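Numbering (full-length UniProt numbering), first residue to last: 1 to 119.
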């Protein structure tokens, strides 16, 4: 029973990235969590693979929720957010998109980006 208390202490944000399976799922995640960083990625993308451990760490260490959208599986969703290259990172705070960046950002810059909205 203690694990329930422990897992709730991180402002109920998951400690691992969530894999999104469509627009409704993404909308629900954005609505349920205060700060959501969405990684639009592709399996064949080298910079996406380099970014993966950075995002895993962010999910574990910050109050932000990290969500992942496979652009090959969800082309319409990626198109709706104007994704033209991967990785593209979209940041949501309070249910609204507040930032979007294309390309793999360094870990410290991502940390600062997330902390600007979680603190």
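Think of the CB as a built atom: it goes at the ideal place given N, C-alpha and C, for glycine as much as any other residue.
Bear in mind that the values here come from a model prediction, so they are computed numbers and not experimental data.
Reduced DSSP secondary structure (H/G/I, E/B, other) of residue 9 = In the chain shown, the residue the question calls residue 9 occupies position 9. Low per-residue confidence applies at residue 9: pLDDT is 35, beneath 50, and the placement is therefore not dependable enough to give any value.
Whole-Å CB distance - residue 65 paired with residue 118, under 8 Å assumed = Position 65 of the chain shown holds residue 65. Position 118 of the chain shown holds residue 118. Their Cβ separation, rounded to whole angstroms, is 10 Å, which puts residue 65 and residue 118 out of contact at 8 Å.
Any idea what DSSP makes of residue 88, helix, strand or coil?
-> As a position in the chain shown, residue 88 is number 88, starting the count at 1. If DSSP states are grouped into helix, strand and coil, residue 88 belongs with the strands.
For residue 93, which residues from the same chain have a beta carbon less than 6 Å from its beta carbon, with the 5 sequence-adjacent residues on both sides left out?
-> Along the chain shown, read from residue 1 onward, the residue named residue 93 stands at position 93. So the qualifying residues of the chain are 35, 117.
4 or more residues per run - each alpha helix (DSSP H) lying fully within the UniProt domain "Thioredoxin" (5 to 119) = 23 to 32, 46 to 61, 75 to 80, 107 to 118
May I have the straight-line CA-CA distance separating residue 75 from residue 26, to the nearest angstrom?
-> The count along the chain shown starts at 1 and reaches residue 75 at position 75. The count along the chain shown starts at 1 and reaches residue 26 at position 26. When rounded, the distance between both Cα atoms is 14 Å.
Taking buried to mean at least 16 other C-beta atoms within 10 Å of its own C-beta, is residue 88 buried or exposed?
-> In the chain shown, residue 88 corresponds to position 88, counting from 1. Burial call: buried.
Just tell me which of 16, 14, 20, 13 has its CA closest to the CA of residue 73.
-> As a first step, residue 73 must be located in the chain shown, where it is residue number 73. Measuring from the Cα of residue 73, the nearest candidate turns out to be 20.
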